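K.L.:
Here's a structure for you.
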Amino acid sequence: MFVDIEVNKPEPIATGIKTESFRRGSDVQHAIEVLEAGSPILIIGFYSNGLSLLQELHVHLSRKFPNTSFQEQRVYRSEYRKLSNLILVEIVGHKLAVRKSPSIGWLEKLYPETSDFLLPLPQIQGLNSAWQWYLNGVSIPVLRNKLHPYYGTYFPTRFEHLVLFDNWLKRYEGPKKSAIDVGIGCGVLSLQMIKYGFQKVFGTDTNPNAIVGLAEFMGDTKLSRKIELDFGHLFGRWEKQTELIVFNPPWLPKLHDLENLDEAIYYDEKLFPEFFLEAKKRLLPEGKLVLIFSNLAQITNMTEEHPIKKELAEGGRFQLERCLNRAVKTASEKTKRDQNWRSSEEVELWVLTHK
Ligand SMILES: C[S@@+](CC[C@H](N)C(=O)[O-])C[C@H]1O[C@@H](n2cnc3c(N)ncnc32)[C@H](O)[C@@H]1O
489 MFVDIEVNKP EPIATGIKTE SFRRGSDVQH AIEVLEAGSP ILIIGFYSNG LSLLQELHVH
549 LSRKFPNTSF QEQRVYRSEY RKLSNLILVE IVGHKLAVRK SPSIGWLEKL YPETSDFLLP
609 LPQIQGLNSA WQWYLNGVSI PVLRNKLHPY YGTYFPTRFE HLVLFDNWLK RYEGPKKSAI
669 DVGIGCGVLS LQMIKYGFQK VFGTDTNPNA IVGLAEFMGD TKLSRKIELD FGHLFGRWEK
729 QTELIVFNPP WLPKLHDLEN LDEAIYYDEK LFPEFFLEAK KRLLPEGKLV LIFSNLAQIT
789 NMTEEHPIKK ELAEGGRFQL ERCLNRAVKT ASEKTKRDQN WRSSEEVELW VLTHK
């Protein structure tokens, strides 16, 4: 099942392309000129040589773009992204060919048919940290077992919204035959519902990595008979009505900006109207529609609009049963100072019923 779904992964580059190389003692200035001319550089010797070149690139770009204005910082980031992705590392036999490099299991798992290729160093860094999360697992306060997030899948790093959902589930007294989890991600909400006795959860996601990752995580354990997956938009192939629909949607509106492409974080203007239209058809007459949201978009002045309040005011489909809020703890005093708005951040649990 799901073996034929193509997962998202960094595009491999064929070995054998002509590149200049960079090792300890190479001329940094020259290397940066090569990158700025749009040509790749291959890292030779130690993995740390690549990290030093990335560091030099930062130094170079902060000299070139010294202003802290929003616009200039954007140019800085986009230049860094462009140039750093020209720094390549060779992979031989599914392993990084440079010395003292991390061992990254994704190279074998994601590229079973290609053992030798090149990848940009920033992509390797991403694969490496994702491998650490996957291997070691992530503890989530509301779950007994760790999650093992698959490469390229959203997983929670703050938990207030999960605590809200947990408290709500604890008091939920309705039927527990089935539920739908739209945008299942790493499956945390589904696992919470199973924990509280739901017999069957139907999950969807538009991110193939989420679906493949969860299918692998569940294997053919008992869990795989309780959580059924579909790789698809909103409700996917799930047509049957259920007593509970949950959705932890992206929390920020997609601005017309190419940097914001992550579907776990940004929603387009069609997502919510379509979701409510389809949810109306799939919720049993006495069912509950639960949405997790946050005031993040409002307190960062990205939008005045709140898609759930808008639906309640104008949709004519659902009514509010209750809305629970919880303040988000600041990570540390330092982040509080840097990001003032964080102190007013709140997560929201919206419970809606048919009108
Ligand atoms: C904020 S994450 C929540 C993931 C998980 N439910 C959780 O609570 O940790 C949103 C998820 O919705 C998925 N998603 C975004 N748009 C979607 C759509 N139109 N249909 C189905 N899933 C979608 C994303 O890929 C992502 O996994």
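For the sequence shown, this note's numbering gives the first residue as 489, with consecutive numbering after it. A virtual CB, placed ideally from N, CA and C, is assigned to each residue, including glycine. As the structure is a computational prediction, the values presented were derived from the model and not from experiment.
Taking 8 Å as the cut-off, is the CB of TRP739 close to at least one heavy atom of ligand 1?
P.N.:
Within the sequence shown, the letter at position 251 stands for residue 739. Checking the Cβ of TRP739 against ligand 1 gives yes.
K.L.:
Based on Cα-Cα distance, which residue from PRO608, GLY533 and GLU494 lies nearest to SER527?
P.N.:
Taking the first residue of the sequence shown as position 1, residue 527 is located at position 39. For SER527, the nearest C-alpha among the options comes from PRO608.
K.L.:
Label THR641 either buried or exposed according to how many other C-beta atoms from any shown protein chain fall within 10 Å of its C-beta, with 16 as the threshold for buried.
P.N.:
Counting from 1 along the sequence shown, the entry for residue 641 is found at position 153. Result: buried.
K.L.:
Suppose you measure from the CA of PHE723 to the CA of VAL495; what does that come to, to the nearest Å?
P.N.:
Counting from one through the sequence shown, the residue named residue 723 turns up at place 235. Counting from one through the sequence shown, the residue named residue 495 turns up at place 7. Near 20 Å, if we compare the C-alpha coordinates of VAL495 and PHE723.
K.L.:
When the Cβ atoms of the stretch 702-714 are set against those of the stretch 755-763, are three or more pairs found closer than 8 Å?
P.N.:
No, because fewer than three Cβ pairs between the stretch 702-714 and the stretch 755-763 fall closer than 8 Å, the two stretches do not touch.
K.L.:
Checking 9 Å against the spacing of the C-beta atoms, do PHE643 and GLY614 come in under that value?
P.N.:
Sequence index remark: in the sequence shown, residue 643 carries index 155 (1-based). Sequence index remark: in the sequence shown, residue 614 carries index 126 (1-based). Cβ atoms of PHE643 and GLY614: not closer than 9 Å.
K.L.:
Let me know if PHE558 comes out buried or exposed under the rule of 16 or more other beta-carbons within 10 Å of its beta-carbon.
P.N.:
For the purposes of this step, residue 558 is taken as the residue at position 70 of the sequence shown. Label assigned to PHE558: exposed.
K.L.:
Is ASP669 helix, strand or coil by DSSP?
P.N.:
Indexing the sequence shown from 1 puts residue 669 at position 181. In this structure, ASP669 counts as strand in the three-state DSSP scheme.
K.L.:
If you draw a straight line from the C-alpha of LYS824 to the C-alpha of HIS582, how long is it?
P.N.:
Locating residue 824 in the sequence shown gives position 336, counting from the first residue. Locating residue 582 in the sequence shown gives position 94, counting from the first residue. For LYS824, the predicted model reports a pLDDT of 48, less than 50, meaning its position is unreliable; a value from the coordinates is still stated below. About 42 Å.
K.L.:
Starting from ALA815, follow its DSSP beta bridges and name the residues at the other end.
P.N.:
Here residue 815 is taken as the residue at index 327 of the sequence shown, counted from 1. In the DSSP output, where bridge partners are listed per residue, ALA815 has GLU834.
K.L.:
Are PHE705 and TYR638 close, meaning C-beta to C-beta below 9 Å?
P.N.:
As a position in the sequence shown, residue 705 is number 217, starting the count at 1. As a position in the sequence shown, residue 638 is number 150, starting the count at 1. Yes, the pair counts as a contact, with Cβ atoms nearer than the cut-off.
K.L.:
Report the three-state DSSP secondary structure of SER782 (helix, strand or coil).
P.N.:
Counting from one through the sequence shown, the residue named residue 782 turns up at place 294. Correct three-state label for SER782: strand.
K.L.:
Considering SER509, what are the terminal residues of the beta strand (DSSP E) in which it resides?
P.N.:
On the sequence shown, position 21 is the one that residue 509 refers to. SER509 -> beta strand (DSSP E) spans 508-510.
K.L.:
Going by beta-carbon coordinates alone, are VAL676 and LEU635 separated by less than 9 Å?
P.N.:
Taking the first residue of the sequence shown as 1, we reach residue 676 at position 188. Taking the first residue of the sequence shown as 1, we reach residue 635 at position 147. Against a cut-off of 9 Å, the Cβ pair of LEU635 and VAL676 comes out as a contact.
K.L.:
Grouping DSSP H, G and I as helix and E and B as strand, with all else coil, what is GLN543?
P.N.:
Start at 1 with the first residue of the sequence shown, and residue 543 comes out as number 55. DSSP places GLN543 in helix when its eight states are reduced to three.
K.L.:
Is there at least one Cβ from chain D nearer than 9 Å to LEU652's Cβ?
P.N.:
This model lacks chain D altogether, as it is built from one protein chain only.
K.L.:
Hey, how far is the Cα of LEU549 from the Cα of SER572?
P.N.:
Against the sequence shown, residue 549 aligns to sequence position 61. Against the sequence shown, residue 572 aligns to sequence position 84. Straight-line Cα distance between these residues: approximately 11 Å.
K.L.:
Mind pulling the beta strand (DSSP E) runs of 3 or more residues that sit fully within the stretch 603-627?
P.N.:
The qualifying runs are 605-608.
K.L.:
What distance in whole Å lies between the Cβ atoms of LEU765 and HIS842, which are believed to be in contact at a cut-off of 8 Å?
P.N.:
As a first step, residue 842 must be located in the sequence shown, where it is residue number 354. As a first step, residue 765 must be located in the sequence shown, where it is residue number 277. Actually they do not touch by this definition, with Cβ atoms about 13 Å apart.
K.L.:
Is THR730 a contact residue of ligand 1, with contact defined as CB to any heavy atom under 8 Å?
P.N.:
Your numbering for residue 730 matches position 242 in the sequence shown. No, since every heavy atom of ligand 1 falls outside the 8 Å radius drawn around the Cβ of THR730.
K.L.:
Quick check on VAL734: does DSSP put it in helix, strand or coil?
P.N.:
On the sequence shown, residue 734 is found 246 positions in, with the first residue counted as 1. The answer is strand: DSSP assigns VAL734 an E or B state.
K.L.:
Is PHE643 near ligand 1, judged by its Cβ being under 8 Å from some heavy atom?
P.N.:
Taking the sequence shown and counting its residues from 1, the one referred to as residue 643 is at position 155. Yes, ligand 1 has a heavy atom inside 8 Å of this Cβ.
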